[in-house]
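Everything on this sheet refers to the single structure shown next.
Residue numbers (this note's numbering): 328 to 786.
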């Protein structure tokens with residue numbers, strides 16, 4: 328029971344630090360390192376063995392972080408960084424905005440305001456497959472789709488709820504969560520996307536659209552009648568200053584899709600004759616885009632200069648996502664070494680449907696941590712490494728467990744008042760984050776329940 332107590336205290340401390348707005352990555356690192364030190368002091372077991380022993384326990388403990396950093400930065404971390412850099416480059420040349428404009432063009436032909444609102448959400452969810460960043464997508468949607476929703480006749484609050492919900496599922500094959508899951512299970516990212524995520528996401532999306540339609544329509548009428556909102560809430564302010572990307576030709580909308588096309592074609596799903604990894608897929612897409620951009624722009628020096636954005640973006644992704652993964656895994660190492668997780672697993676395995684009990688516990692913990700942290704990544708990265716070992720003990724399919732946790736964490740993030748996407752949308756719309764959360768809570772909780780039920784039947 329000592330291990331279980333340590334796990335509960337560690338999770339509680341992390342939640343407290345995040346609520347107090349401490350830097351999430353370093354919070355995970357500190358709690359993880361302290362937990363490892365406490366466990367070592369109580370158990371007397373060595374922290375490191377073999378060649379990893381330094382002769383001083385303090386260095387041995389820090390060596391856990393160092394080992395994780397070395398292994399992640401060159402493999403998983405590099406994949407994540409290069410995809411992030413590509414996304415920054417797409418934004419710089421205007422390809423991302425071009426994709427959004429192409430996708431939203433049919434919406435101007437529809438007259439029903441709440442149908443437009445729902446379609447805006449669907450478009451954003453589809454764009455999330457390509458873009459991957461919830462905050463980046465939210466800002467892009469606020470500049471492009473948000474004004475269209477307001478001009479159709481929905482409130483700022485309803486439109487913002489649609490915007491923050493677009494990052495709800497996080498099913499991009501190029502997303503960091505997908506790569507972590509692929510690393511843990513050995514399943515190709517495209518197979519995870521097609522064989523697992525696309526089994527759950529479309530059904531959930533349809534149900535969310537229905538709930539979203541009626542909830543926002545009801546709350547707009549209710550809040551307008553009560554005076555909580557006024558007619559001024561149906562008027563959009565100019566957000567053109569928030570769009571810092573260049574105006575690009577319409578066909579640039581193809582460029583963000585090229586890595587996905589390459590990975591799909593040269594994957595076990597289509598053609599196995601050529602083995603293409605993520606780095607080569609992105610670099611091939613970069614070269615193609617660069618050559619075409621040079622021809623269109625007719626200013627080779629500028630095209631060369633814009634490539635710098637790619638490498639700057641890689642650095643930003645390292646400091647935000649890769650470091651978060653390593654710190655979260657350090658935290659997970661502390662929980663694992665405490666023995667508390669294993670105690671819970673063994674207790675569940677002695678009951679009927681042990682895997683279902685463990686999965687339910689992990690599902691709820693990840694959801695709670697996501698809400699408190701405002702980050703689906705931080706919560707998922709912290710607990711995902713434990714899943715393969717859990718499945719070996721209690722049974723169940725590790726990838727289905729990971730898929731359920733991943734999709735649900737994105738949903739809960741969309742209803743957390745401290746999530747980056749919520750804060751970004753609230754700032755641009757000049758409304759309270761809590762007003763957005765009030766609107767997104769019921770649709771996203773519905774998604775949370777649907778994902779749980781579907782993943783339970785498949786685990």
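C-beta atoms are modelled at their ideal positions from N, C-alpha and C, and glycine is treated no differently.
Open item on the list: Would you call the region 680–700 in contact with the region 727–747, where contact means no fewer than 3 C-beta pairs closer than 8 Å?
Closed with: Judged by Cβ distances under 8 Å, the region 680–700 makes contact with the region 727–747, as three or more pairs qualify.
Open item on the list: Do residue 641 and residue 417 have their beta-carbon atoms positioned less than 8 Å apart in this structure?
Closed with: Position 90 of the chain shown, counting from 1, holds the residue named residue 417. Position 314 of the chain shown, counting from 1, holds the residue named residue 641. No.
Task: C-alpha distance - residue 687 paired with residue 735, whole-angstrom precision - done: Taking the chain shown and counting its residues from 1, one reaches residue 687 at position 360. Taking the chain shown and counting its residues from 1, one reaches residue 735 at position 408. In a straight line, the C-alpha of residue 687 is about 12 Å away from that of residue 735.
Task: Backbone CA spacing between residue 535 and residue 689 [nearest angstrom] - done: For the purposes of this step, residue 535 is taken as the residue at position 208 of the chain shown. For the purposes of this step, residue 689 is taken as the residue at position 362 of the chain shown. C-alpha separation (whole angstroms): 23 Å.
TODO: Give the straight-line distance between the Cα atoms of residue 540 and residue 579, rounded to the nearest whole angstrom.
DONE: The residue labelled residue 540 in the question sits at position 213 within the chain shown. The residue labelled residue 579 in the question sits at position 252 within the chain shown. In a straight line, the C-alpha of residue 540 is about 32 Å away from that of residue 579.
Open item on the list: List, from N- to C-terminal side, the alpha helix (DSSP H) runs of 4 residues or more that fit wholly inside the region 726–760.
Closed with: Entirely contained in the region 726–760, the alpha helix (DSSP H) runs reaching 4 residues are, in chain order, 747–756.
- [ ] Decide if the region 717–730 is in contact with the region 755–762; the criterion is three or more beta carbon pairs, one per stretch, under 8 Å apart.
- [x] Cβ pair count under 8 Å is below three, so no.
- [ ] Measuring alpha carbon to alpha carbon, tell me which of 357, 428, 415 and 704 ends up nearest residue 575.
- [x] As a working note, residue 575 is residue 248 in the chain shown. The shortest C-alpha separation from residue 575 is found at 428.
Open item on the list: DSSP three-state label for residue 439, please.
Closed with: What you label residue 439 is simply residue 112 of the chain shown in a count that begins at 1. Annotated three-state conformation of residue 439 is coil, per DSSP.
TODO: Within the region 451–486, note down every full alpha helix (DSSP H) run reaching 4 residues or more, in order along the chain.
DONE: Those alpha helix (DSSP H) runs which fall completely within the region 451–486 and span 4+ residues are 461–479.
Task: Extent of the continuous alpha helix (DSSP H) to which residue 721 belongs - done: By one-based count along the chain shown, residue 721 stands at place 394. The continuous alpha helix (DSSP H) containing residue 721 extends over residues 714–721.
Open item on the list: Please report the distance separating the alpha-carbon of residue 626 from that of residue 423.
Closed with: In the chain shown, the residue the question calls residue 626 occupies position 299. In the chain shown, the residue the question calls residue 423 occupies position 96. If you take the alpha carbons of residue 626 and residue 423, they lie about 20 Å apart.
Task: Validate contact between the region 460–471 and the region 603–622 using beta carbons, cut 8 Å, 3 pairs - done: Note that the region 460–471 does not touch the region 603–622; fewer than 3 beta-carbon pairs, one per stretch, sit closer than 8 Å.
TODO: Using three-state DSSP, classify residue 493 as helix, strand or coil.
DONE: In the chain shown, residue 493 corresponds to position 166, counting from 1. In the three-state reduction of the DSSP assignment, residue 493 falls in the coil class.
- [ ] List the whole-angstrom C-beta distance separating residue 658 from residue 358, where the pair is believed to meet the contact cut-off of C-beta under 8 Å.
- [x] By one-based count along the chain shown, residue 658 stands at place 331. By one-based count along the chain shown, residue 358 stands at place 31. About 6 Å separates the two Cβ atoms, so the contact holds.
Open item on the list: Count Cβ pairs between the region 385–393 and the region 430–439 that sit closer than 8 Å; are there 3 or more?
Closed with: At 8 Å Cβ cutoff, the stretches do not touch.
Open item on the list: Tell me the rounded alpha-carbon separation between residue 604 and residue 590.
Closed with: Here residue 604 is taken as the residue at index 277 of the chain shown, counted from 1. Here residue 590 is taken as the residue at index 263 of the chain shown, counted from 1. For residue 604 and residue 590, the gap between their C-alpha atoms comes out near 8 Å.
- [ ] Would you kindly report the start and end of the unbroken alpha helix (DSSP H) that includes residue 330?
- [x] Counted from its first residue, the chain shown places residue 330 at position 3. For residue 330, the enclosing alpha helix (DSSP H) starts and ends at 329–346.
- [ ] Compute the Euclidean distance between the alpha carbons of residue 695 and residue 685, then round it to the nearest angstrom.
- [x] For this step, residue 695 is matched to residue 368 along the chain shown. For this step, residue 685 is matched to residue 358 along the chain shown. Taking the Cα positions, residue 695 is about 15 Å away from residue 685.
TODO: Return helix, strand or coil for residue 765, following the three-state DSSP convention.
DONE: Working through the chain shown from its first residue, we reach residue 765 at position 438. If DSSP states are grouped into helix, strand and coil, residue 765 belongs with the helices.
TODO: Could you tell me whether the region 445–453 touches the region 636–651, using the rule of 3 or more Cβ pairs below 8 Å?
DONE: Counting Cβ pairs under 8 Å, fewer than three are found: no touch.
TODO: Assign residue 560 to one of two classes, buried (16 or more other C-beta atoms within 10 Å of its C-beta) or exposed (fewer than that).
DONE: Within the chain shown, the letter at position 233 stands for residue 560. The residue in question, residue 560, is buried, as its Cβ has 16 or more Cβ neighbours within 10 Å.
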